[in-house]
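The structure appears right after this line, and notes come after that.
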Amino acid sequence: MLISVGIQLLLTLIGWFNRTFGTGRVPCKHVIPTLGFGMLWLIIDELRKLCVRKYPRSFIARIA
Numbered sequence: 030m031l032i033s034v035g036i037q038l039l040l041t042l043i044g045w046f047n048r049t050f051g052t053g054r055v056p057c058k059h060v061i062p063t064l065g066f067g068m069l070w071l072i073i074d075e076l077r078k079l080c081v082r083k084y085p086r087s088f089i090a091r092i093a
């Protein structure tokens, strides 16, 4: 994951890469919702895993 973040920063923050690949900085108005949705997805997944551990014979556990 750190390698992916490093490549993203490399392609968006260094001027030579910006000119070569036509990239640029991502505005905060686009980054903030992405972080929020990512955290929401993480919380939902952790709750799903808790449900599977607590109720091993439930529908969610069977489809997991």
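Residues 30 to 93 in the numbering used here are what the sequence shown lists, from first letter to last. Yeah, the Cβ is synthetic: ideal placement off N, Cα and C, and Gly gets one too.
- Cα-Cα separation, CYS57 to PRO85: 41 Å
- Alpha-carbon spacing of GLU75 relative to LEU31, whole angstroms: 22 Å
- Query: Is DSSP giving SER87 helix, strand or coil here?
  - Reply: coil
- Message: Between which residues of its own chain and ALA93 is the CB-CB distance below 6 Å, once the five residues before and five after are set aside?
- Response: VAL81
- Query: What's the C-alpha gap between ARG54 and LEU42?
  - Reply: 6 Å
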